[in-house]
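Read through the structure below, which is laid out as structure tokens, and then see the notes.
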Amino acid sequence: MLRELDIRNFAIIDTLSVSFTEGMTVLTGETGAGKSIIIDAVHLLAGGRGSQEFIRHGAQKAEIEGLFHIDSAAHPVHRKLEDFGIQASDGDVLLRRELNGKGKNVCRINGKLVTISILREVGAALIDIHGQHETQELMDEKQHLHLLDQFAGKLLTKAKESYNHTFEKYTKLKREFATYNENEQQIAQRIDLLTFQLREIEEAQLVPGEEETLLDERKRLQNFTKIYESISQAHEAIQGESKGLDWVGNAMSELEHAASVDEQFQEASESVAGAFYQLQDTSTEIKRILDQLEFDPERLNDIEQRLALLQSLKRKYGASVEDMLLYQEEQADELDKLLNRDQRLRLDQEKLKELTEDLRIEAEELTMLRKQAATKLSKAIMEQLKELHMGKASFAVQFNLLPKGKFDRFGQDSIAFHISTNVGEPLKALTKVASGGELSRMMLALKTIFSKHQGITSIIFDEVDTGVSGRVAQAIAEKIAAIARHSQVLCISHLPQVAAMADQHLFIEKKVSKDRTTTAVKELAGRKRTEEMSRMLSGAEITELTLQHADELLTLARDRKLLMK
């Protein structure tokens, strides 16, 4: 849920902080008070399109910040955050966006800088905004198949996983098959290129780890003089006349004499004796190495040439010897396929035929499961529409199969939600329903069902109740309240029936201070809420009778919400 929203220098908002509760929050106020501006701010926070026009006059930048709390560890936003390397501390997700006067955006999620596209992707998992005339997910035919699959549940999910596995093999084989059918000139050119590249790599006789070994050897040869002098001086210091080993030998003899007289020196004598013999062995080894040290300028030249060759090959075939060997293996496999393409073509034709049949069977299973789910969905939608006083409306899921033998990553199905709102009228695409009131009810019916499946944290309705009144308004109010049982709902409304069903009532008003207009928000409760409800019922004038009607409406709303639990 959206817990806190901070807005600074946005449109006519100077500074605004709002705390939200669970369930249903209604925002009311006079037209032009700034209700939709708050929704615009949330829309930008979720990655919506920004504009310099949103920045308050005289300010350098607009800032919007929203704190969301996610109770469920299974919420899809966690997977998205993990994909982008963002930590969610104790289920809290903090979105922040800044707009400056130069049109630049600064976006952050939990303090980490992100692109607008990442902010939009995370925001889509948290916020779903619906306005009467906006094209949202439920109004987008491209999303209808996804929504139907969500409604179908786990059985379809398992079938889709199997289908996707087969589809990946099918598309990969089709791509390979397509390369075999390229024209002869392209194939011949590709064979020549691969042959040249493989010959160049093979002639280099690459060895894993070779470059590191050569670099070490070059370093030794380049520092030969320094190494030789250091080793020589070390040997002289140990083995030379009256040098280190002689002195240690003298100390060993003296301690052996002392230990023969007094046993307390025995341990020291043995320790020095051990050091003497170890130093003697080390000196012998240093002398052996010293005798073998030899500077070979030709060898250094060979190493430089070999490293230059490796560097040249790396620019063409990979960042390391191992990468080049892997590239060699892949290109050799491709060359083999091209040289033996006739034989492979026959084999792949047989394999592609088998995969196509497997894909057809699995796609038909998806279609069958979707049609079963569509029947259940249609029934559920009709029940919702009946409760919204559209009992004479008809709803159906229209299936359009792809041409025979054609498949995409979703199967062979293309669907669209269709509705008829009047008896005798044909079913039409949901996106072409003309009446605003009917569209609002249709959307609420779908939302009531899909809010259980989508996992959206906060759903925002921006005056979706426009064009309705009376019993329809009451039905819409109850539907919005029902959706709020599964997701937090923020709702802008001018209908008292909707406002009465809210768990939290926020009043938006404009104020003028120091010749500047600002938007303010205050939470209404008790007498203040009753007065606002009275204003919504009757207009500007509040009378005892309208106050009584407002109290009655709030009481009835509380009773209805108790029955809904």
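The sequence shown lines up with residues 287 to 851 when you count with my numbering.
Backbone N, C-alpha and C define an ideal beta-carbon position, used for all residues, glycine too.
All values derive from a computational prediction rather than experimental measurement.
C-alpha gap between K814 and K808, whole angstroms: Residue mapping note: residue 814 aligns to position 528 of the sequence shown, counting from 1. Residue mapping note: residue 808 aligns to position 522 of the sequence shown, counting from 1. Their Cα atoms are separated by approximately 10 Å.
Sequence-distant residues of its chain with Cβ nearer than 7 Å to P712 (five each side left out): Working through the sequence shown from its first residue, we reach residue 712 at position 426. Taken in chain order, the residues that qualify are S706.
Alpha helix (DSSP H) runs contained entirely in the region 507–541, provided each spans 4 or more residues: 510–525
contact_flag[the region 358–375, the region 331–342] where n(CB pairs < 8 Å) is 3 or more: no
Beta-bridge pairing of L398 - partner residues as DSSP gives them: On the sequence shown, residue 398 is found 112 positions in, with the first residue counted as 1. Reading the sequence as shown, one finds Lys at residue 398 and not Leu. I395.
Beta-carbon proximity of S555 to E542, cut-off 8 Å: Your numbering for residue 555 matches position 269 in the sequence shown. Your numbering for residue 542 matches position 256 in the sequence shown. Yes, these two residues count as a Cβ contact at 8 Å.
Limits of the unbroken beta strand (DSSP E) element including G865: The chain is shown from 287 up to 851; residue 865 falls before or after that span and cannot be answered.
Close-in-space but distant-in-sequence residues of the same chain around L840 (CB under 8 Å, 5 per side omitted): Against the sequence shown, residue 840 aligns to sequence position 554. These residues qualify, in order along the chain: A786, R815, T816, M819.
Bridge-paired residues (DSSP) for A702: On the sequence shown, position 416 is the one that residue 702 refers to. Partner(s): Q684.
Rounded straight-line distance, which links the Cα of L288 to that of H355: Start at 1 with the first residue of the sequence shown, and residue 355 comes out as number 69. Start at 1 with the first residue of the sequence shown, and residue 288 comes out as number 2. Roughly 7 Å between the two C-alpha positions.
Distance, L810 Cα to T317 Cα: One-based indexing of the sequence shown puts residue 317 at position 31. One-based indexing of the sequence shown puts residue 810 at position 524. Approximately 18 Å, taken between the alpha carbons.
8 Å Cβ cutoff met for L730 and I766: Within the sequence shown, numbered from 1, the residue matching residue 730 stands at position 444. Within the sequence shown, numbered from 1, the residue matching residue 766 stands at position 480. Yes, the pair counts as a contact, with Cβ atoms nearer than the cut-off.
E497 CB to nearest heavy atom of the ligand NAD below 7 Å: By its list of ligands, the structure shown contains no ligand whatsoever, and the ligand NAD lies outside what it can speak to.
Length of the line joining the Cα atoms of G710 and A679: Along the sequence shown, one-based indexing puts residue 710 at 424. Along the sequence shown, one-based indexing puts residue 679 at 393. Roughly 10 Å separates the two Cα atoms.
Contact the region 509–525 vs the region 632–647: 3+ CB pairs below 8 Å: no
Under the three-state DSSP convention, the category I293 falls into: If you number the sequence shown from 1, residue 293 lands on position 7. DSSP places I293 in strand when its eight states are reduced to three.
Unbroken alpha helix (DSSP H) run spanning E636, endpoints: Here residue 636 is taken as the residue at index 350 of the sequence shown, counted from 1. From DSSP, the alpha helix (DSSP H) with E636 extends over 627–673.
Buried versus exposed, by CB contacts within 10 Å (16 or more), G409: Counting from 1 along the sequence shown, the entry for residue 409 is found at position 123. That one is buried.
Distance between A763 and A464 (C-alpha atoms, nearest Å): In the sequence shown, residue 464 corresponds to position 178, counting from 1. In the sequence shown, residue 763 corresponds to position 477, counting from 1. Cα to Cα, A464 sits roughly 57 Å from A763.
Whole-angstrom distance between I575 and S569, CA atom to CA atom: The residue given as residue 569 occupies position 283 in the sequence shown. The residue given as residue 575 occupies position 289 in the sequence shown. C-alpha separation (whole angstroms): 10 Å.
Alpha-carbon spacing of V699 relative to L441, whole angstroms: Here the question's residue 699 lines up with position 413 in the sequence shown. Here the question's residue 441 lines up with position 155 in the sequence shown. Here residue 699 is Asp; the residue named in the question, Val, does not match the sequence. One C-alpha to the other measures close to 17 Å.
Stretch-stretch touch, CB-based, cutoff 8 Å, three pairs: the region 292–302 with the region 343–350: yes
Range of the contiguous beta strand (DSSP E) that encloses R383: For the purposes of this step, residue 383 is taken as residue 97 along the sequence shown, with counting starting at 1. That run of the beta strand (DSSP E) goes 378–386.
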